[in-house]
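Chains as they are written, first to last, in numbering that gives the first Met the number 0: chain A, 0 to 228; chain B, 0 to 238. Structure, as C-alpha cells:
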Amino acid sequence: MTTIARHLAVARAIAAKDLRAELRGRQAVTSTLFLAALTLLIFGFALGPDRASLAAAGPGLLWLAVILSGVLAVGRLHQLEMEDGAFELLALYPVPRAAIYLGKALGGLAAMVALGALVLPLTVILYAIDVASALPGLVLVIGLGALGFAAIGTLYAGLTVRLRAREVLLPLLLLPVVAPLLLAAVSATASLLAGDPLGELGAWLQLLVGYDLAMLLAGGLTYGLALEE
Amino acid sequence: MATRALGIVALVAVGGATAFALAGVPADLNQGEAQRIMYIHVASAWLAYLSFGVTAAASVWWLVRRDPRADAVALAGAEVGVLFTAATIWAGMMWGRPVWGTYWQWEDPRLTTTALLLALYVGYLLIRRLTDEPARRATRAAVVGIVAAIDIPIVHFSVVWWRGLHQGPTFMSPDTILNPPAPGQFVAALLLMLGAFSLAWLWLMVNRYRLARLDWEAEESARRGRLPGLAAAVPAPRP
C-alpha cells in the first residue's frame with residue numbers, strides 16, 4: 000500500500016465514521032435539512048406570491064438556503080466530536096493531519112451534497128423553475144459549490160469548536176470567506192437555467208474549481224494546527 | 000522618544016496635507032468640492048491593503064517561528080487595517096452620494112471587495128478576542144489571517160467578473176479620475192496626503208505593536224504567578 004493510498008484510507012474511514020454516526024441518529028445534519036427546506040418556504044413569504052419574481056430569485060435563494068444551513072451542518076459535525084472527547088482522540092492518531100482534515104471535509108461534503116439534493120427539487124417545486132434541460136450542469140455546480148464550502152467550513156469549524164461563542168463566531172468568519180463561492184455558484188446556476196446566453200458559464204466554473212483547490216490547500220496545511228491545541 | 004517625534008511629524012504632515020488639499024488646489028470641474036474627498040479615500044485604501052498584507056506576512060511568520068513579536072505585528076496590522084478600511088468605505092460613500100447619486104454602488108468591484116475585506120478582518124479581531132491563551136490565540140488568528148489573504152484576490156476576481164459580465168458601462172472610479180491627464184496640482188495633493196497618512200499609519204502601528212507586546216508579557220507573567228494582582232484579572236488557561 001503506498002503512502003497516499005494509506006492516507007486516503009484514513010480519510011475514508013473518518014468520513015465513513017461521521018456518516019455512520021449520522022445514520023444511527025446523531026442528527027448533526029438531519030435537522031439542518033429541515034432548516035434548509037424551511038428557509039426556502041420563508042423566502043417565499045418574504046418575497047410575495049409573484050411567480051415571475053420568485054423564479055428570478057430562485058438561483059440566489061437556492062444557494063442561500065444551502066449556505067445558511069451548511070454553516071450549521073459543518074459546525075454540528077465538529078461539536079458532536081467534542082461532546083465525547085472524541086476530537087482529542089482524533090488528534091492522537093499517528094496519521095498525517097491532512098488525512099484527518101480530508102476525512103472531516105469528506106464528511107462535510109456528504110452533508111452539503113445532501114443539502115443540495117434536497118434544496119434543488121424543493122426550489123423546482125416552490126419557485127416553479129424548469130431544470131430538466133440543465134440538470135447535469137446543475138449537479139456539477141452543486142458538487143463544486145458543496146466541495147468548496149465543505150473545505151473552508153471544515154477548517155473554520157475545527158478552529159472554532161473549542162470556543163464558547165462558536166455558534167455565532169462560525170457564521171461571522173465563514174460568510175465573508177464564502178462570498179466569492181456564493182457569487183460564482185449563483186451566477187453559474189442562473190446562467191445554466193437561462194441556457195448560458197452570455198457564454199459565461201465556463202468562467203464561473205473555473206472560479207469554483209480555483210476556489211475549491213485554494214481552500215482545500217489552506218485546510219490541508221493548517222487544519223492540524225487547530226487539532227494540536 | 001523617537002515615536003513621539005514621529006507622532007508629532009505625522010500630525011503636522013496630515014494637517015499640512017489637509018490644508019493643501021482643501022485650499023491649495025482648485026476644485027474639480029466635473030465633481031466640484033466633493034472630489035477633495037478622494038485624497039483621503041485613496042490614501043486610506045492604500046494603507047488598508049498595506050496593513051492586511053503586513054498581517055498576512057506576520058501570520059505566516061508566527062506559524063513558522065512561533066515568535067510572539069510576529070503575533071503582535073499581525074494584531075497591529077489587522078486593527079489598524081480595520082480602521083483604515085472603515086475610513087475608506089466612509090469616505091467613498093460621502094463621495095459617492097454627490098457624484099454617483101448613491102451611497103452604495105453594487106457594480107463597483109472595489110467597493111464590494113472592500114466591504115468584504117472589512118468583514119473578513121472584523122472576524123479576525125473577533126476570534127482573537129474570544130481566545131484567552133496567548134499562543135492558541137496567535138495560532139487561530141494566524142490561520143484566519145492567512146485564509147483571508149487567500150480569499151481577497153478570489154473575492155476581487157469574482158466581483159470584477161460579476162460586474163464585467165453583466166454591466167456594460169463602467170462608472171467613474173478613482174483610477175479614471177486620477178490617471179487621465181490629471182493636473183499636476185491634483186497629483187501633488189494626493190501624493191502629499193499619501194505620505195502624511197503613511198506617517199500616521201506607521202505611528203499607529205508602532206504604538207499598537209508595543210501595546211500588544213506588553214499585553215502578551217502581562218498575560219504570560221500572570222500565568223506564571225509573578226504578578227499576583229494580575230492573576231486574578233487574567234483567566235487561567237483551560238487544561
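Where a beta carbon is used, it is the ideal one built from N, C-alpha and C, also for glycine.
DSSP links G31 (chain B) through a beta bridge to B:D27.
Our two residues, R35 (chain B) and W99 (chain B), have alpha carbons roughly 15 Å apart in a direct line. Within the region 151-184 of chain A, the alpha helix (DSSP H) runs of at least 4 residues that lie entirely inside it are, in chain order, 165-176. The alpha-carbon of E216 (chain B) is positioned some 23 Å away from that of E227 (chain A). The C-beta distance from A54 (chain A) to I128 (chain A) rounds to 5 Å, short enough to fall under 8 Å. If you look at L79 (chain A), you'll find it in the alpha helix (DSSP H) that goes R50 to E82. Under the three-state reduction of DSSP, V112 (chain A) is assigned to helix. Ranked by how close their Cα comes to the Cα of S50 (chain B), the residues B:V146, B:A12 and B:Y120 have B:Y120 in first place. For V118 (chain A), the CB contacts under 6 Å within the same chain, skipping 5 residues up- and downstream, are A35, L61, A64 and V65 in chain order. Residues of the region 172-187 of chain A with a Cβ closer than 8 Å to any Cβ of chain B, in chain order: L172, L174, P175, V176, A178, P179, L182, A183 and S186. The three-state reading of DSSP puts T87 (chain B) in helix, counting H, G and I together.
Annotation: L193 (chain B) to G52 (chain B) spans about 17 Å, alpha carbon to alpha carbon. A Cβ-Cβ separation of about 5 Å places Y222 (chain A) in contact with L154 (chain A) under the 8 Å criterion. Under the three-pair Cβ rule at 8 Å, the region 1-19 of chain B does not count as touching the region 60-67 of chain B.
Ranked by how close their Cα comes to the Cα of I149 (chain B), the residues B:A134, B:T54, B:D107 and B:E219 have B:T54 in first place.
For G209 (chain A), the C-beta contacts it makes with chain B under 9 Å involve I153 and F156, in order along the chain. Excluding its 5 nearest sequence neighbours in each direction, T130 (chain B) has C-beta neighbours in its own chain below 6 Å: R136 and R139, listed in chain order.
Between the region 39-53 of chain A and the region 9-20 of chain A there are fewer than three inter-stretch CB-CB distances shorter than 8 Å, so the stretches are not counted as touching. DSSP places W105 (chain B) outside both helix and strand once states are collapsed to three, so it counts as coil. The beta carbon of G219 (chain A) is closer than 6 Å to those of A97 and Y100 in its chain, skipping five residues each way along the sequence.
Taking 8 Å as the cut-off, the Cβ atoms of L171 (chain A) and L115 (chain B) do not count as close. Within the same chain, A133 come within 6 Å of L192 (chain A) by CB-CB distance, once the 5 residues on both sides are set aside.
DSSP places L18 (chain A) within a helical segment (H, G or I) once states are collapsed to three.
Residue-level contact by beta carbon holds for G122 (chain B) and chain A, with a gap shorter than 8 Å. No Cβ of chain A is located within less than 8 Å of the beta carbon of R127 (chain B).
Listed along the chain, the chain A residues whose CB falls inside 9 Å of the CB of I145 (chain B) are A217, L220 and T221. G115 (chain A) is positioned such that its CB atom lies no closer than 8 Å to that of L76 (chain A). Under the Cβ distance rule, A145 (chain A) does not count among the residues neighbouring chain B, no pair being separated by less than 8 Å. With a 10 Å radius around the Cβ and a threshold of 16 neighbouring Cβ atoms, V167 (chain A) comes out exposed.
Counting only the Cα atoms, L121 (chain A) lies some 12 Å from F33 (chain A). A:W203 is the residue among A:W203, A:P196, A:A225 and A:V130 whose C-alpha sits nearest the C-alpha of V158 (chain B). Put simply, the backbone Cα of A187 (chain B) is about 9 Å away from that of A20 (chain B).
For V8 (chain B) and R223 (chain B), the gap between their C-alpha atoms comes out near 40 Å. Residues of the region 188-208 of chain A that bring their beta carbon within less than 8 Å of a beta carbon in chain B comprise L197, E199, A202, W203 and L206, in sequence order. Residue-level contact by beta carbon holds for A164 (chain A) and chain B, with a gap shorter than 8 Å. None of the residues of the region 45-60 of chain B has a beta carbon lying less than 7 Å from any beta carbon of chain A.
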